[in-house]
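Following: one structure in structure tokens, then a few remarks.
Protein chains: 2
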Amino acid sequence: MSNCAIAIHGGAGTILRTSMTPEKEKAYLVGLKESLTAGYEILKGGGTSMDAVIASVVAMENNPLFNAGVGAVFTHDGGHEQDACICDGATKNVGAVAAVKRVKSPITLARLVLEKSPHVLLAGDGAEKFAVANGMELVADQSYFDTDFRRKQLEFALAKEKKDATAHTQLDHSDDNENSKMGTVGAVAVDEYGNVAAATSTGGMTNKRHGRIGDTPMIGAGTYADNKTCAVSATGVGEYIMRGMVSYDISALMEYKGLSLSEAADVVVMEKFFELGGSGGVIAIDRQGNIAMPFNCKGMYRGSMLADGTIELGIFDDRG
Amino acid sequence: MSNCAIAIHGGAGTILRTSMTPEKEKAYLVGLKESLTAGYEILKGGGTSMDAVIASVVAMENNPLFNAGVGAVFTHDGGHEQDACICDGATKNVGAVAAVKRVKSPITLARLVLEKSPHVLLAGDGAEKFAVANGMELVADQSYFDTDFRRKQLEFALAKEKKDATAHTQLDHSDDNENSKMGTVGAVAVDEYGNVAAATSTGGMTNKRHGRIGDTPMIGAGTYADNKTCAVSATGVGEYIMRGMVSYDISALMEYKGLSLSEAADVVVMEKFFELGGSGGVIAIDRQGNIAMPFNCKGMYRGSMLADGTIELGIFDDRG
Numbered sequence: 527m528s529n530c531a532i533a534i535h536g537g538a539g540t541i542l543r544t545s546m547t548p549e550k551e552k553a554y555l556v557g558l559k560e561s562l563t564a565g566y567e568i569l570k571g572g573g574t575s576m577d578a579v580i581a582s583v584v585a586m587e588n589n590p591l592f593n594a595g596v597g598a599v600f601t602h603d604g605g606h607e608q609d610a611c612i613c614d615g616a617t618k619n620v621g622a623v624a625a626v627k628r629v630k631s632p633i634t635l636a637r638l639v640l641e642k643s644p645h646v647l648l649a650g651d652g653a654e655k656f657a658v659a660n661g662m663e664l665v666a667d668q669s670y671f672d673t674d675f676r677r678k679q680l681e682f683a684l685a686k687e688k689k690d691a692t693a694h695t696q697l698d699h700s701d702d703n704e705n706s707k708m709g710t711v712g713a714v715a716v717d718e719y720g721n722v723a724a725a726t727s728t729g730g731m732t733n734k735r736h737g738r739i740g741d742t743p744m745i746g747a748g749t750y751a752d753n754k755t756c757a758v759s760a761t762g763v764g765e766y767i768m769r770g771m772v773s774y775d776i777s778a779l780m781e782y783k784g785l786s787l788s789e790a791a792d793v794v795v796m797e798k799f800f801e802l803g804g805s806g807g808v809i810a811i812d813r814q815g816n817i818a819m820p821f822n823c824k825g826m827y828r829g830s831m832l833a834d835g836t837i838e839l840g841i842f843d844d845r846g
Numbered sequence: 527m528s529n530c531a532i533a534i535h536g537g538a539g540t541i542l543r544t545s546m547t548p549e550k551e552k553a554y555l556v557g558l559k560e561s562l563t564a565g566y567e568i569l570k571g572g573g574t575s576m577d578a579v580i581a582s583v584v585a586m587e588n589n590p591l592f593n594a595g596v597g598a599v600f601t602h603d604g605g606h607e608q609d610a611c612i613c614d615g616a617t618k619n620v621g622a623v624a625a626v627k628r629v630k631s632p633i634t635l636a637r638l639v640l641e642k643s644p645h646v647l648l649a650g651d652g653a654e655k656f657a658v659a660n661g662m663e664l665v666a667d668q669s670y671f672d673t674d675f676r677r678k679q680l681e682f683a684l685a686k687e688k689k690d691a692t693a694h695t696q697l698d699h700s701d702d703n704e705n706s707k708m709g710t711v712g713a714v715a716v717d718e719y720g721n722v723a724a725a726t727s728t729g730g731m732t733n734k735r736h737g738r739i740g741d742t743p744m745i746g747a748g749t750y751a752d753n754k755t756c757a758v759s760a761t762g763v764g765e766y767i768m769r770g771m772v773s774y775d776i777s778a779l780m781e782y783k784g785l786s787l788s789e790a791a792d793v794v795v796m797e798k799f800f801e802l803g804g805s806g807g808v809i810a811i812d813r814q815g816n817i818a819m820p821f822n823c824k825g826m827y828r829g830s831m832l833a834d835g836t837i838e839l840g841i842f843d844d845r846g
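Those sequence lines, one after another, are chains A and B.
Residues 527 to 846 (this note's numbering) make up the first sequence, in order.
Residues 527 to 846 (this note's numbering) make up the second sequence, in order.
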């Protein structure tokens, strides 16, 4: 086990203690712990970081609380279009999918792209054809992903847009979590072989249209892994994560300036990304099992688990 | 004018003098010069680098010799799906489109995304709906982009695949230019205000399927610009350009390690990208008007033009 460790996030945003009931808080903490444990059990059993991050992300895709898989947000047209990406730090291989509609576990398809396709990123119908050609079953109907909670978020967004026709032309950083347009899930891990991996999956933005693709399937933006430096999964306003190349930038600061994981993650999230106008956070891990989870907004669903079984869970900004 | 300068590429690959007729070589050189001049005239008249890179790229999109716009390669299904990206080094704003089918000038739509959309990357039908909603006319039929030359490339690829069913599951680095699956056009410029910009446009890969998206619309992979460092447009095997974060990596080496433009471009293209298994090249420019155009394959259609009107054009590897 040695330096094995895993960290996860379930999205970041304006998550306030005042808008959270004790029941809901508990449900989130249970969901985070289940996800962490799923990945940790694999690491503990001598499994790989690639398998561990998949297991943790799948657990959140299957949990309706998080914006990925079941519980994904609705698009403008009342459907779902999901993105996912996985990076293998040992080989620097990458697989990603964008705008898939009927794939039960987008992160599992991303891994299939990494393993079976010569390509890095497949989108839309073509990605689903690839899934089927490789023996993956699609859900019969998109309603598989529907939840009342997310439908209400779409109705809220559409109503807001009706009042203000320009509402959909702005990126919304300010909505409280109840009506947040964003959300992502992700995991980073290091295994006993010293290999790091990162995985991210998301339903994207509520009320999205025009084939918008966010940061999640963009290598170096929402997801990155390199054994030389670290593995990173980002969450927040995707357009700024892309412009800031947030995940790769943390790696570059470690490689080129010799910063530690925690220094590099802080510089990128709390300074560079923030100055660009971006709001969100990251989880990051290095080969030594160091973990950083900075965020520059009010909260981030997050958790980490070390080789000795120590668990840390968090939702709000507890940095005082 | 001071440090104004512009550089362009029209794709890289196994471009051999032995497989080029004098007529064809001349046609390419004329096309490169027309593209350079279109951008240069704008810079000379006090225009911006953003306008200059658009003008240069549009000239190549309209030229059937290059794999972008008219003359774009065919997909597996005999259609066209084009990608483009533009980065403004002054603001770090970005606009990109992926898999657009009926957009005459994908780079012009990418700029429209930068200017009019809150998003960074729009794909497929959604991107075209956005184009129409913003007053852009689409071509009535995809045949607008057809050329016999590219159709023969598709037929060649399909025939090859018939003989070897696994052919389409491999990335092809080795085909000579006649049958090359790849190709891209791009421009980088610095204007008299000291602002840099980068633009890239491509028809993608011949015989592509499964909604494959390459490096061109991926910020930091195929295209990047930041006044602090440089503007870059890459061409070559997209999957490796993405995995290597080629464009942003050049910028990061300048910012974090203090390398010059030419040192950084050489380290990334001739060492890191090459060691990853990638083949291709970049054009890069900084605020001082320095230009680097390294490539690690047999040739790259390329050219540069300085403030004093000095033109350099190249196709083959003339480095001896």
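Beta carbons are placed, not taken as given, at the ideal position from N, Cα and C, and that holds for glycine.
| field | Closest by C-alpha distance to lysine 642/B, when choosing among Ile767/B, Arg628/B and Gly661/B | value | Gly661/B
| Got a sec: which bits of the stretch 813-844 of chain B sit with their beta carbon under 7 Å from any beta carbon on chain A, in order along the chain? | none
| Exposed or buried, what is serine 773/B when buried is set at 16 or more other beta-carbons lying within 10 Å of its beta-carbon? | buried
| Between which two residues does the beta strand (DSSP E) harbouring valine 646/A extend? | Run containing valine 646/A: none; DSSP gives neither H nor E here.
| query | What are the residues that DSSP puts in a beta bridge with tyrosine 750/B? | reply | Val758/B
| query | Cβ of histidine 606/A less than 9 Å from any chain B Cβ? | reply | no
| said: Any beta carbon of chain B sitting closer than 9 Å to that of lysine 783/A? | reply: yes
| With a CB to CB cut of under 7 Å and the five nearest residues on each side skipped, what residues in its chain are close to alanine 790/B? | Ile776, Leu779 and Met780
| query | Hey, would you say methionine 826/B sits closer than 9 Å to alanine 610/B, going by beta carbons? | reply | no
| request: Closer than 8 Å by beta-carbon distance: list the chain B residues that pair up with glycine 652/A, in chain order. | output: Arg735, His736, Gly737 and Arg738
| Got a sec: is the Cβ-Cβ distance from asparagine 619/B to anything in chain A below 9 Å? | yes
| field | Buried or exposed by the 16-neighbour rule on C-beta atoms within 10 Å, applied to threonine 544/B | value | exposed
| message | Tell me which residues share the same chain as glutamate 838/B and place their Cβ nearer than 7 Å to its Cβ, disregarding the 5 neighbours each side in the sequence. | response | Gly829 and Ser830
| said: Using the three-state DSSP reduction, which class does lysine 537/A fall into: helix, strand or coil? | reply: One point to set straight first is that residue 537/A is glycine, not lysine, in the sequence displayed. In this structure, glycine 537/A counts as strand in the three-state DSSP scheme.
| For a contact meaning CB atoms closer than 7 Å, what does phenylalanine 656/B contact in chain A? | His736
| query | Can a CB atom of chain B be found closer than 9 Å to the CB of valine 646/A? | reply | yes
| What are the boundary residues of the alpha helix (DSSP H) that isoleucine 745/A is part of? | Isoleucine 745/A -> no alpha helix (DSSP H), and no H or E assigned at all.
| Who are the neighbours of methionine 662/A on chain B, taking C-beta pairs under 8 Å? | Neighbours of methionine 662/A on chain B: none; closest Cβ ~13 Å, over 8 Å.
| task | Could you name the residues of chain A that isoleucine 633/B contacts, counting a contact when the two beta carbons are closer than 7 Å? | result | By Cβ distance, chain A contributes nothing, its closest Cβ being about 17 Å from isoleucine 633/B, past 7 Å.
| If you draw a straight line from the alpha carbon of tyrosine 750/A to that of alanine 757/A, how long is it in whole angstroms? | 6 Å
| field | 4-residue-minimum alpha helix (DSSP H) runs that sit fully inside the stretch 550-638 of chain A, ordered along the chain | value | 575-587
| task | Within 10 angstroms of the Cβ of valine 583/A, are there 16 or more other Cβ atoms? Answer buried if so, exposed if not. | result | buried
| field | Contacts of alanine 683/A in chain B (Cβ-Cβ under 8 Å) | value | None at all; the shortest Cβ gap to chain B is about 14 Å.
| Through-space distance from glycine 762/B to aspartate 792/B, alpha-carbon basis | 15 Å
| Got a sec? Which residues, its chain only, sit under 6 Å from glycine 573/B by beta carbon, not counting five neighbours each side? | none
| field | glycine 650/A beta carbon less than 9 Å from that of alanine 624/A | value | yes
| For leucine 787/A, the first and last residue of its enclosing beta strand (DSSP E) | No beta strand (DSSP E) contains leucine 787/A, which is instead part of the alpha helix (DSSP H) from 787-792.
| message | Measuring straight from C-alpha to C-alpha, what distance separates glycine 720/A and aspartate 843/A? | response | 31 Å
| query | Straight-line CA distance for alanine 724/B to serine 759/B? | reply | 6 Å
| query | Should arginine 637/A and methionine 586/A be called a contact, given that it needs their Cβ atoms to be closer than 9 Å? | reply | no
| message | Please identify the residue among Gly536/B, Lys678/B, Gly557/B and Met744/B whose C-alpha is closest to the C-alpha of glycine 604/B. | response | Lys678/B
| query | Is any beta-carbon of chain A found at less than 9 Å from that of isoleucine 745/B? | reply | yes
| said: Which residue wins for smallest C-alpha separation from alanine 622/B, given the options Lys559/B, Ile534/B and Ser727/B? | reply: Ser727/B
| At a Cβ threshold of 9 Å, is leucine 802/A touching chain B? | yes
| said: Please tell me whether glutamate 765/A has its Cβ less than 9 Å away from any Cβ of chain B. | reply: yes
| field | For asparagine 816/A and glutamate 704/A, the rounded distance between their alpha carbons | value | With a pLDDT of 45 at glutamate 704/A, under the threshold of 50, the modelled position of this residue cannot be trusted, and the question is left open.
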